[in-house]
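The sequence shown runs 375 to 629 under our numbering.
The structure appears right after this line, and notes come after that.
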Amino acid sequence: EELVRDMRHQVVEDLVRAYIPSGAYAEQWDSETLANEVARVFNLELPIQDWAKEEGIAEAEITERLIDHADRKIAAKVANYGDNIWRRTEKSIVLQLLDQSWKEHLLGLDHLRQGINLRAFGQKDPLNEYKREAFGMFEVMLDALRETVTQTLSYLEISVDENRLAMILPGALGGDPSKQKMQETRTDPAATNTPPPQQRTDNVSNMPKREPVKNTFDANDPNSWAKVPRNSNCPCGSGKKFKHCHGNISIVATS
(Lines of atoms letter the chains of each structure in order from A; the text may use other names.)
(Lines give C-alpha, C1' and ligand atoms only; values in the text may rest on other atoms or scores of the structure.)
Protein backbone atom coordinates (compact mmCIF):
# COMPACT_ATOMS: atom_id res chain seq x y z
CA GLU A 375 0.00 0.00 0.00
CA GLU A 376 2.76 2.43 0.94
CA LEU A 377 4.79 1.59 -2.17
CA VAL A 378 1.82 2.13 -4.48
CA ARG A 379 0.93 5.40 -2.74
CA ASP A 380 4.49 6.70 -3.12
CA MET A 381 4.44 5.74 -6.81
CA ARG A 382 1.17 7.62 -7.30
CA HIS A 383 2.43 10.76 -5.59
CA GLN A 384 5.70 10.67 -7.55
CA VAL A 385 3.80 10.45 -10.85
CA VAL A 386 1.76 13.52 -9.89
CA GLU A 387 4.89 15.46 -8.99
CA ASP A 388 6.62 14.47 -12.24
CA LEU A 389 3.64 15.56 -14.34
CA VAL A 390 3.35 18.91 -12.59
CA ARG A 391 7.10 19.46 -12.90
CA ALA A 392 6.95 18.72 -16.65
CA TYR A 393 4.09 21.08 -17.52
CA ILE A 394 4.32 23.67 -14.74
CA PRO A 395 8.07 24.25 -14.33
CA SER A 396 9.21 25.74 -11.05
CA GLY A 397 9.75 29.48 -11.33
CA ALA A 398 7.74 29.84 -14.55
CA TYR A 399 5.00 32.45 -14.88
CA ALA A 400 1.38 31.30 -14.95
CA GLU A 401 1.15 32.36 -18.61
CA GLN A 402 3.91 29.83 -19.40
CA TRP A 403 2.09 26.90 -17.78
CA ASP A 404 0.83 24.18 -20.10
CA SER A 405 -2.25 23.48 -18.01
CA GLU A 406 -4.23 22.03 -20.93
CA THR A 407 -1.67 19.29 -21.58
CA LEU A 408 -1.40 18.64 -17.85
CA ALA A 409 -5.18 18.13 -17.66
CA ASN A 410 -5.02 15.70 -20.59
CA GLU A 411 -2.19 13.73 -18.98
CA VAL A 412 -4.03 13.57 -15.65
CA ALA A 413 -7.09 12.21 -17.47
CA ARG A 414 -4.93 9.64 -19.28
CA VAL A 415 -2.99 8.39 -16.26
CA PHE A 416 -5.45 8.83 -13.38
CA ASN A 417 -8.77 8.58 -15.22
CA LEU A 418 -9.77 11.91 -13.66
CA GLU A 419 -11.42 14.88 -15.36
CA LEU A 420 -10.31 17.89 -13.33
CA PRO A 421 -10.61 21.66 -13.98
CA ILE A 422 -6.85 22.23 -13.95
CA GLN A 423 -7.10 25.09 -16.44
CA ASP A 424 -9.50 26.89 -14.09
CA TRP A 425 -7.15 26.26 -11.19
CA ALA A 426 -4.30 27.84 -13.15
CA LYS A 427 -6.34 31.05 -13.53
CA GLU A 428 -6.83 31.48 -9.79
CA GLU A 429 -5.09 34.44 -8.22
CA GLY A 430 -1.88 33.53 -6.40
CA ILE A 431 -2.04 29.83 -7.32
CA ALA A 432 1.32 28.00 -7.38
CA GLU A 433 2.51 24.64 -8.65
CA ALA A 434 2.70 23.30 -5.08
CA GLU A 435 -1.03 23.87 -4.54
CA ILE A 436 -1.91 22.20 -7.84
CA THR A 437 0.26 19.24 -6.86
CA GLU A 438 -1.55 18.92 -3.51
CA ARG A 439 -4.97 19.05 -5.19
CA LEU A 440 -4.02 16.40 -7.74
CA ILE A 441 -2.63 14.12 -5.03
CA ASP A 442 -5.80 14.56 -2.98
CA HIS A 443 -8.07 13.67 -5.93
CA ALA A 444 -5.92 10.66 -6.89
CA ASP A 445 -5.85 9.34 -3.30
CA ARG A 446 -9.61 9.74 -2.92
CA LYS A 447 -10.21 7.80 -6.13
CA ILE A 448 -8.21 4.83 -4.85
CA ALA A 449 -9.83 5.12 -1.41
CA ALA A 450 -13.24 4.80 -3.10
CA LYS A 451 -12.07 1.62 -4.85
CA VAL A 452 -10.86 0.17 -1.53
CA ALA A 453 -14.22 0.97 0.08
CA ASN A 454 -16.06 -0.62 -2.86
CA TYR A 455 -14.10 -3.87 -3.13
CA GLY A 456 -12.87 -4.26 0.44
CA ASP A 457 -9.39 -3.69 1.83
CA ASN A 458 -8.37 -7.37 1.72
CA ILE A 459 -9.27 -7.91 -1.94
CA TRP A 460 -7.82 -4.59 -3.10
CA ARG A 461 -4.48 -5.04 -1.32
CA ARG A 462 -4.05 -8.55 -2.74
CA THR A 463 -4.88 -7.17 -6.18
CA GLU A 464 -2.40 -4.30 -5.78
CA LYS A 465 0.33 -6.74 -4.81
CA SER A 466 -0.39 -9.02 -7.77
CA ILE A 467 -0.36 -6.15 -10.29
CA VAL A 468 2.82 -4.57 -8.91
CA LEU A 469 4.70 -7.89 -8.99
CA GLN A 470 3.54 -8.70 -12.52
CA LEU A 471 4.43 -5.27 -13.92
CA LEU A 472 7.75 -5.21 -12.07
CA ASP A 473 8.66 -8.61 -13.46
CA GLN A 474 7.75 -7.55 -17.00
CA SER A 475 9.64 -4.23 -16.73
CA TRP A 476 12.75 -5.91 -15.32
CA LYS A 477 12.84 -8.48 -18.12
CA GLU A 478 12.58 -5.72 -20.73
CA HIS A 479 15.32 -3.78 -18.94
CA LEU A 480 17.68 -6.78 -18.97
CA LEU A 481 17.00 -7.25 -22.68
CA GLY A 482 17.83 -3.59 -23.29
CA LEU A 483 21.07 -3.93 -21.33
CA ASP A 484 22.01 -6.92 -23.45
CA HIS A 485 21.50 -4.91 -26.64
CA LEU A 486 23.52 -2.03 -25.18
CA ARG A 487 26.35 -4.38 -24.22
CA GLN A 488 26.59 -5.79 -27.73
CA GLY A 489 27.33 -2.44 -29.36
CA ILE A 490 29.04 -0.47 -26.60
CA ASN A 491 32.56 -1.28 -27.82
CA LEU A 492 31.93 0.84 -30.90
CA ARG A 493 32.16 3.92 -28.64
CA ALA A 494 35.91 3.40 -28.59
CA PHE A 495 36.06 4.67 -32.18
CA GLY A 496 34.77 7.99 -30.87
CA GLN A 497 37.55 8.21 -28.25
CA LYS A 498 35.16 7.28 -25.45
CA ASP A 499 35.68 4.68 -22.75
CA PRO A 500 33.15 1.88 -23.45
CA LEU A 501 32.93 0.93 -19.76
CA ASN A 502 32.08 4.45 -18.60
CA GLU A 503 29.62 4.85 -21.44
CA TYR A 504 27.95 1.58 -20.51
CA LYS A 505 27.63 2.60 -16.86
CA ARG A 506 26.20 6.00 -17.77
CA GLU A 507 23.64 4.73 -20.28
CA ALA A 508 22.67 1.70 -18.17
CA PHE A 509 21.90 3.98 -15.24
CA GLY A 510 19.81 6.22 -17.49
CA MET A 511 17.89 3.18 -18.76
CA PHE A 512 17.26 2.10 -15.17
CA GLU A 513 15.82 5.51 -14.29
CA VAL A 514 13.58 5.39 -17.37
CA MET A 515 12.38 1.92 -16.35
CA LEU A 516 11.44 3.11 -12.85
CA ASP A 517 9.56 6.14 -14.21
CA ALA A 518 7.64 3.94 -16.66
CA LEU A 519 6.89 1.39 -13.92
CA ARG A 520 5.46 4.04 -11.59
CA GLU A 521 3.23 5.44 -14.32
CA THR A 522 2.06 2.00 -15.52
CA VAL A 523 1.20 0.80 -12.00
CA THR A 524 -0.63 4.04 -11.23
CA GLN A 525 -2.54 4.03 -14.51
CA THR A 526 -3.50 0.35 -14.24
CA LEU A 527 -4.87 0.74 -10.71
CA SER A 528 -6.71 3.95 -11.64
CA TYR A 529 -8.62 2.21 -14.43
CA LEU A 530 -8.95 -1.16 -12.71
CA GLU A 531 -12.36 -2.71 -12.10
CA ILE A 532 -12.57 -6.08 -10.31
CA SER A 533 -15.12 -8.77 -11.10
CA VAL A 534 -15.19 -11.38 -8.34
CA ASP A 535 -17.19 -14.59 -8.03
CA GLU A 536 -17.72 -14.67 -4.25
CA ASN A 537 -18.00 -18.47 -4.07
CA ARG A 538 -14.68 -18.94 -5.89
CA LEU A 539 -13.13 -16.13 -3.86
CA ALA A 540 -14.01 -17.72 -0.53
CA MET A 541 -12.51 -21.00 -1.75
CA ILE A 542 -9.31 -19.51 -3.24
CA LEU A 543 -8.70 -16.76 -0.65
CA PRO A 544 -10.02 -17.91 2.75
CA GLY A 545 -11.02 -14.94 4.87
CA ALA A 546 -11.30 -12.56 1.92
CA LEU A 547 -14.94 -11.98 2.84
CA GLY A 548 -13.97 -11.07 6.38
CA GLY A 549 -15.40 -7.58 5.99
CA ASP A 550 -18.96 -9.00 5.81
CA PRO A 551 -19.73 -11.26 8.81
CA SER A 552 -22.97 -12.55 7.24
CA LYS A 553 -21.14 -13.85 4.17
CA GLN A 554 -18.40 -15.38 6.31
CA LYS A 555 -21.00 -17.11 8.49
CA MET A 556 -22.78 -18.44 5.42
CA GLN A 557 -19.51 -19.85 4.06
CA GLU A 558 -18.71 -21.55 7.38
CA THR A 559 -22.19 -23.10 7.53
CA ARG A 560 -21.68 -24.70 4.13
CA THR A 561 -18.34 -26.28 4.93
CA ASP A 562 -18.02 -26.77 8.69
CA PRO A 563 -20.10 -29.61 10.27
CA ALA A 564 -19.64 -27.92 13.65
CA ALA A 565 -21.71 -24.97 12.40
CA THR A 566 -24.77 -27.20 11.93
CA ASN A 567 -26.69 -29.60 14.15
CA THR A 568 -25.81 -32.54 11.88
CA PRO A 569 -22.93 -34.67 13.22
CA PRO A 570 -20.07 -35.52 10.88
CA PRO A 571 -20.55 -38.72 8.87
CA GLN A 572 -17.93 -40.62 10.86
CA GLN A 573 -19.82 -39.94 14.12
CA ARG A 574 -23.19 -41.33 13.00
CA THR A 575 -24.11 -44.67 14.60
CA ASP A 576 -27.70 -45.18 13.45
CA ASN A 577 -27.72 -48.57 11.66
CA VAL A 578 -24.49 -47.78 9.83
CA SER A 579 -23.37 -51.41 9.93
CA ASN A 580 -26.66 -52.59 8.41
CA MET A 581 -26.61 -50.14 5.54
CA PRO A 582 -25.54 -51.56 2.16
CA LYS A 583 -22.21 -50.31 0.92
CA ARG A 584 -22.36 -48.08 -2.10
CA GLU A 585 -19.84 -48.18 -4.85
CA PRO A 586 -17.90 -44.87 -5.12
CA VAL A 587 -19.21 -42.64 -7.85
CA LYS A 588 -16.62 -41.95 -10.50
CA ASN A 589 -16.67 -38.36 -11.68
CA THR A 590 -16.29 -37.94 -15.42
CA PHE A 591 -13.61 -35.39 -16.26
CA ASP A 592 -14.92 -32.38 -18.18
CA ALA A 593 -12.47 -29.63 -19.22
CA ASN A 594 -15.33 -27.11 -19.18
CA ASP A 595 -16.56 -28.06 -15.71
CA PRO A 596 -14.12 -27.20 -12.86
CA ASN A 597 -16.29 -29.25 -10.46
CA SER A 598 -15.22 -32.41 -12.27
CA TRP A 599 -11.52 -31.72 -11.78
CA ALA A 600 -9.50 -33.31 -9.01
CA LYS A 601 -7.30 -31.16 -6.79
CA VAL A 602 -5.00 -29.26 -9.17
CA PRO A 603 -1.53 -28.08 -7.99
CA ARG A 604 -1.16 -24.32 -8.40
CA ASN A 605 1.90 -24.60 -10.66
CA SER A 606 0.43 -27.28 -12.93
CA ASN A 607 -1.18 -26.53 -16.29
CA CYS A 608 -4.85 -25.61 -15.99
CA PRO A 609 -7.11 -28.57 -16.94
CA CYS A 610 -9.24 -26.25 -19.10
CA GLY A 611 -6.60 -26.47 -21.83
CA SER A 612 -5.71 -22.76 -21.92
CA GLY A 613 -1.98 -23.52 -21.67
CA LYS A 614 -1.66 -21.29 -18.59
CA LYS A 615 -0.71 -22.41 -15.11
CA PHE A 616 -3.67 -23.11 -12.83
CA LYS A 617 -2.79 -20.21 -10.52
CA HIS A 618 -2.95 -17.80 -13.46
CA CYS A 619 -6.16 -19.25 -14.91
CA HIS A 620 -9.05 -20.89 -13.00
CA GLY A 621 -7.07 -20.76 -9.75
CA ASN A 622 -6.87 -16.96 -9.82
CA ILE A 623 -9.31 -14.12 -9.17
CA SER A 624 -10.89 -12.79 -12.39
CA ILE A 625 -9.56 -9.24 -12.85
CA VAL A 626 -10.73 -7.04 -15.70
CA ALA A 627 -9.06 -3.69 -16.46
CA THR A 628 -11.31 -1.26 -18.32
CA SER A 629 -10.55 2.16 -19.60
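Note that beta-carbon positions come from the ideal geometry of N, C-alpha and C, so glycine has one too.
Predicted model only: the values in this text are computed from it and were never measured.
Are the C-beta of residue i and some C-beta of chain B separated by less than 7 Å?
| i | result |
| --- | --- |
| Tyr455 | Although the question refers to chain B, the structure presented lacks it and comprises just one protein chain. |
Is residue i helix, strand or coil by DSSP?
| i | result |
| --- | --- |
| Lys505 | helix |
| Leu420 | coil |
| Lys477 | helix |
| Ile532 | strand |
| Lys617 | helix |
| Asn607 | strand |
| Asn622 | coil |
| Asp499 | coil |
| Trp599 | coil |
| Ala398 | coil |
| Ala432 | coil |
| Asn594 | coil |
| Ser612 | coil |
| Glu513 | helix |
| Glu375 | coil |
| Lys427 | coil |
| Trp460 | helix |
Here's the rule: buried if 16 or more other CB atoms are within 10 angstroms of the residue's CB, otherwise exposed. What is residue i?
| i | result |
| --- | --- |
| Ser528 | buried |
| Arg506 | exposed |
| Pro609 | buried |
| Ala398 | exposed |
| Val412 | buried |
| Leu440 | buried |
| Tyr390 | Checking the sequence shown, residue 390 turns out to be Val, not Tyr. Buried. |
| Ala409 | buried |
| Glu464 | buried |
Give me the residue from the options with the minimum Cα distance to residue i.
| i | options | result |
| --- | --- | --- |
| Arg414 | Gln525, Ala398, Leu471 | Gln525 |
| Asn454 | Phe616, Asp595, Leu530 | Leu530 |
| Ala400 | Ile431, Lys615, Val514 | Ile431 |
| Arg520 | Trp476, Ile422, Asp404 | Trp476 |
| Arg379 | Ser612, Ile448, His485 | Ile448 |
| Val523 | Glu503, Arg487, Leu471 | Leu471 |
| Arg325 | Phe416, Asp404, Arg462 | There is no way to answer for residue 325, as the model of the chain reaches only from 375 to 629. |
| Leu480 | Asn410, Phe512, Pro596, Ala392 | Phe512 |
| Leu377 | Gln474, Leu516, Gly510, Ser612 | Leu516 |
| Asn594 | Gly510, Ser612, Lys601 | Ser612 |
Using a threshold of 7 Å, state whether the C-beta atoms of residue i and residue j are closer than that.
| i | j | result |
| --- | --- | --- |
| Glu433 | Ile394 | yes |
| Trp460 | Val452 | yes |
| Glu406 | Thr437 | no |
| Asn605 | Lys615 | yes |
| Thr444 | Arg382 | Residue identity check: residue 444 is Ala in the sequence provided, not Thr. Cβ distance < 7 Å, so Ala444 and Arg382 count as in contact. |
| Pro596 | His618 | no |
| Arg493 | Glu503 | yes |
| Leu483 | Ala508 | yes |
Please confirm whether any heavy atom of the ligand ATP lies closer than 6 Å to the CB of residue i.
| i | result |
| --- | --- |
| Ala432 | Looking at this structure, you won't find the ligand ATP or any other ligand, since it has none at all. |
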